[in-house]
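Visitor:
Have a look at this one:
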C-alpha cells in the first residue's frame, strides 16, 4: 500500500498515515496543526557575510530546501501551503553571502512535493555537474521504493530519508511508533551509509528513546527536537531522554530551527547545554529559505503563494558560533565541518 506523504504544517508522517488508516478502517482524515507565526527577524535580504567567524573551509549547511517553478515541478495536490520559488542559484547566492567557507549544502525534501523528489534530485544533478559537494535527504514510501531508485539517488548524493513524527489526528502508541521506525530502518540498512532523519517534538523523544538505539541505522533528530515554547526545555517531557541519547552518541541533532521557537524560555541555555554535552553529535544548518507552513497561508488559503519567514541568518550564525559554541574554534570545526563530513559520508574523492 502506498503511504500518504507527510505534510509540513499537518505534521503527519507517511508511515503514521498508513497506520492511522488501518486503525480507523476508513479514509483517514487529518487535523491541520498550523505552525504558530513567529515574530519577524530582520529581512532575509539583510544577510551579509560573516567571514570573520572561525568557520573552516569545506563547511556544511546540513538542512536547506529548494523550490522549483511549478510548471516543471508541480506541488502535490494536498500541499498544505504554496511557497514561492527558491532556486538552486538563490541558495548558492545565500550561502556565499552568509560565509565563504560554507560550501556544501544538504538539500532536504520539501513536504509540498510529497514523495516526488525530482526538484531535489535535479538540484543535486546540477551541483554534481558543477563539481560541487552536496548531499540530499529524500521523502520515500519504504513499502514501494525500489532498489534501483535508491541506487540512483545514492549516486547523486542522497544519504538520508526524512520521517515526520509530529502531531496527527490519532495519537500513535509506542508499539505503532516502533513498527514505523523499524520499517524505515530495515529499508535503509542495506544502504549502510544512509541516515534516518526524524522530525518530532521533544515530548515524543520520550516515547521512542529506547527504540532508537536498536534501529541499527544512523539517526538524526531535527532542529534540537523542537521543544514547546510553554516552558523551559529542561522542564519538558523528553528532555532527559534526548540528552541521554546525545550523551551516549546514539543520535545526531541539528543546531538549527531556533527561529521556529524563539520564545522558548532559556533558549540560549538549552542550545548551549546541548553543544557542551555532545559536540561530536551536532551539525549546523540554516533551514533556508525558511518556509512558513500552514501558519503563514495568506488569509488561511493554502493555494495562495506565501512569502518565506523573515530571518536574520547572519545574526543567527554569529550567535551559534559565539554563544552556543562559546567561540571555541575546535567545537566550531566539528559542528560545521567534521561531524557533517562523517554523517553525510563524504570521503573527499567525488
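Residue numbers (the working numbering): 20 to 369. The beta-carbon is built from N, C-alpha and C at its ideal position, and this holds for glycine as well. Quick caveat, the model's predicted, so the values are computed rather than measured.
#1: Do you know how far the Cα of residue 95 is from the Cα of residue 183?
#2: Check the DSSP bridge columns for residue 272 and list the partner residues they point to.
#3: Would you give the residue range spanned by the beta strand (DSSP E) that residue 183 belongs to?
#4: Would residue 125 and residue 166 be called neighbours here (beta carbons separated by less than 8 Å)?
#5: Can you check which of these residues, 273, 103, 226 and 234, is closest to residue 315 by C-alpha distance?
#6: In the DSSP output, what is residue 164 paired with across the bridge?
#7: Where residue 337 and residue 162 are concerned, what is the direct C-alpha to C-alpha distance, given to the nearest angstrom?
#8: Would you report the Cα separation of residue 72 and residue 340, rounded to the nearest angstrom?
#9: Helix, strand or coil: how does DSSP classify residue 223 here?
#10: If I follow the unbroken alpha helix (DSSP H) through residue 217, where does it start and stop?
#11: In terms of DSSP beta bridges, what is residue 79 paired with?
#12: Going by DSSP in three states, residue 131 sits in which element: helix, strand or coil?
#13: Is there contact here, the segment 278–285 with the segment 238–250, by at least three beta-carbon pairs under 8 Å?
#14: Between the Cα of residue 317 and the Cα atoms of 326, 309 and 310, which residue gives the shortest distance?
#15: Per DSSP, which one or two residues make a beta bridge with residue 209?
#16: Whose C-beta lies closer than 7 Å to the C-beta of residue 144 among residues of the same chain, with five residues either side of it excluded?
#17: CA-CA distance, residue 360 and residue 122?
#18: Just to check my reading of the structure: residue 217 and residue 196 have Cβ atoms closer than 8 Å, yes? What is that Cβ distance to the nearest angstrom?
#19: Around the C-beta of residue 142, are 16 or more other C-beta atoms found within 10 angstroms, so that it is buried, or is it exposed?
#20: Pull up the distance between the alpha-carbon of residue 364 and that of residue 210, whole angstroms please.
#21: Using alpha carbons as the reference points, say which of 349, 302, 334 and 369 lies closest to residue 118.
#22: Please confirm whether residue 16 and residue 237 have their CB atoms less than 8 Å apart.
#23: Give me the Cα-Cα distance between residue 84 and residue 288, rounded to the nearest whole angstrom.
#24: Taking the DSSP output, what are the residues bridged to residue 99?
#25: Contact defined as beta carbons within less than 8 Å: I believe residue 177 pairs with residue 158. What is the distance between those atoms, to the nearest angstrom?
#26: With DSSP as the reference, label residue 42 as helix, strand or coil.
#27: To the nearest angstrom, how far is it from the Cα of residue 62 to the Cα of residue 199?
#28: Taking a contact to mean a Cβ-Cβ separation below 8 Å, would you say residue 231 touches residue 270 in this structure?
#29: Restricting to Cα atoms, I'd like to know which of 257, 110, 251 and 206 is closest to residue 223.
#30: On the CB-based measure, 16 or more other CB atoms within 10 Å of its CB, does residue 353 come out buried or exposed?
#31: Could you have a look at residue 189 and say whether DSSP puts it in helix, strand or coil?
#32: According to the Cβ coordinates, are residue 324 and residue 137 closer than 8 Å?
#33: My understanding is that residue 285 touches residue 255, with C-beta atoms under 8 Å, so please give their C-beta distance in whole angstroms.
#34: Quick one, which of 78, 99, 76 and 82 has its alpha-carbon nearest residue 319's?
#35: Alpha carbons only, please: which of 343, 308 and 351 is nearest the one belonging to residue 331?
#36: My output table needs one value for residue 345: the three-state DSSP class, helix, strand or coil.
Guide: According to the structure data:
#1: Here the question's residue 183 lines up with position 164 in the chain shown. Here the question's residue 95 lines up with position 76 in the chain shown. Approximately 17 Å, taken between the alpha carbons.
#2: Counting from 1 along the chain shown, the entry for residue 272 is found at position 253. DSSP, once it has assigned bridges, lists 240 and 301 as partnering residue 272.
#3: Indexing the chain shown from 1 puts residue 183 at position 164. First-last of the beta strand (DSSP E) with residue 183: 177–183.
#4: Residue numbering aside, residue 125 sits at position 106 when the chain shown is read from its first letter. Residue numbering aside, residue 166 sits at position 147 when the chain shown is read from its first letter. With respect to the 8 Å criterion, residue 125 and residue 166 are not classified as neighbours on the basis of their beta carbons.
#5: By 1-based counting over the chain shown, the position of residue 315 is 296. It is 103.
#6: Start at 1 with the first residue of the chain shown, and residue 164 comes out as number 145. Paired residue(s): none; residue 164 is not in a bridge.
#7: For the purposes of this step, residue 337 is taken as residue 318 along the chain shown, with counting starting at 1. For the purposes of this step, residue 162 is taken as residue 143 along the chain shown, with counting starting at 1. Rounded to whole angstroms, residue 337 to residue 162 spans 42 Å at the Cα level.
#8: The count along the chain shown starts at 1 and reaches residue 72 at position 53. The count along the chain shown starts at 1 and reaches residue 340 at position 321. Residue 72 and residue 340: Cα-Cα distance of roughly 7 Å.
#9: In the chain shown, counting from the first residue as 1, residue 223 sits at position 204. Reduced to three states, the DSSP call for residue 223 is helix.
#10: Within the chain shown, residue 217 is the residue found at index 198, counting from 1. Looking at the DSSP string, residue 217 is not in any alpha helix (DSSP H); the run it does join, the beta strand (DSSP E), is 214–218.
#11: Within the chain shown, numbered from 1, the residue matching residue 79 stands at position 60. The partner list for residue 79 (beta bridge, DSSP) reads 123.
#12: What you label residue 131 is simply residue 112 of the chain shown in a count that begins at 1. If DSSP states are grouped into helix, strand and coil, residue 131 belongs with the helices.
#13: yes
#14: Within the chain shown, numbered from 1, the residue matching residue 317 stands at position 298. Comparing Cα-Cα distances from residue 317 to each of 326, 309 and 310, the minimum goes to 326.
#15: Counting from 1 along the chain shown, the entry for residue 209 is found at position 190. None; residue 209 has no bridge partner.
#16: Mapped onto the chain shown, residue 144 falls at position 125. The residues are 175.
#17: As a working note, residue 360 is residue 341 in the chain shown. As a working note, residue 122 is residue 103 in the chain shown. Distance between the alpha carbons of residue 360 and residue 122: 12 Å.
#18: To locate residue 217, count along the chain shown from 1; it is residue 198. To locate residue 196, count along the chain shown from 1; it is residue 177. For a cut-off of 8 Å, the C-beta gap from residue 217 to residue 196 is around 10 Å, too long to register as a contact.
#19: Position 123 of the chain shown holds residue 142. By the 10 Å Cβ count, residue 142 comes out buried.
#20: Translated into the one-based positions of the chain shown, residue 364 becomes position 345. Translated into the one-based positions of the chain shown, residue 210 becomes position 191. Their backbone Cα atoms lie some 12 Å apart in a straight line.
#21: Here residue 118 refers to the residue found at position 99 when the chain shown is read from its first residue. Looking at 349, 302, 334 and 369, the one whose alpha-carbon comes closest to that of residue 118 is 334.
#22: Shown here, the chain extends from 20 to 369; a query on residue 16 therefore has no answer.
#23: Here residue 84 refers to the residue found at position 65 when the chain shown is read from its first residue. Here residue 288 refers to the residue found at position 269 when the chain shown is read from its first residue. Residue 84 and residue 288: Cα-Cα distance of roughly 28 Å.
#24: Numbered from 1 along the chain shown, position 80 holds the residue referred to as residue 99. Paired residue(s): none; residue 99 is not in a bridge.
#25: By 1-based counting over the chain shown, the position of residue 177 is 158. By 1-based counting over the chain shown, the position of residue 158 is 139. No, residue 177 and residue 158 are not in contact; Cβ-Cβ is about 11 Å, not under 8 Å.
#26: Counting from one through the chain shown, the residue named residue 42 turns up at place 23. The predicted model places residue 42 with a pLDDT of 37, which falls under 50 and marks its position as unreliable, so this point remains unresolved.
#27: Taking the chain shown and counting its residues from 1, the one referred to as residue 62 is at position 43. Taking the chain shown and counting its residues from 1, the one referred to as residue 199 is at position 180. Its pLDDT being 34, under 50, residue 62 is placed unreliably by the model, and the measurement read from it follows with that caveat. Their Cα atoms are separated by approximately 39 Å.
#28: The residue given as residue 231 occupies position 212 in the chain shown. The residue given as residue 270 occupies position 251 in the chain shown. Yes; because the gap between Cβ atoms is below 8 Å, this pair is in contact.
#29: If you number the chain shown from 1, residue 223 lands on position 204. In this structure, 257 is the residue among 257, 110, 251 and 206 with its C-alpha nearest to the C-alpha of residue 223.
#30: In the chain shown, counting from the first residue as 1, residue 353 sits at position 334. Burial call: buried.
#31: Counting from 1 along the chain shown, the entry for residue 189 is found at position 170. Note that residue 189 scores a pLDDT of 48, beneath 50, so its modelled location is shaky; the value from the coordinates is reported in the next line. In the three-state reduction of the DSSP assignment, residue 189 falls in the coil class.
#32: Position 305 of the chain shown, counting from 1, holds the residue named residue 324. Position 118 of the chain shown, counting from 1, holds the residue named residue 137. For residue 324 and residue 137, no; Cβs fall outside 8 Å.
#33: Walking along the chain shown from the start, residue 285 turns up at place 266. Walking along the chain shown from the start, residue 255 turns up at place 236. That pair is no contact at about 11 Å.
#34: Reading the chain shown from its first residue, position 300 is the one you call residue 319. Closest by alpha carbon: 99.
#35: By 1-based counting over the chain shown, the position of residue 331 is 312. By alpha-carbon distance to residue 331, the top candidate from 343, 308 and 351 is 308.
#36: If you number the chain shown from 1, residue 345 lands on position 326. It is coil, neither helix nor strand.
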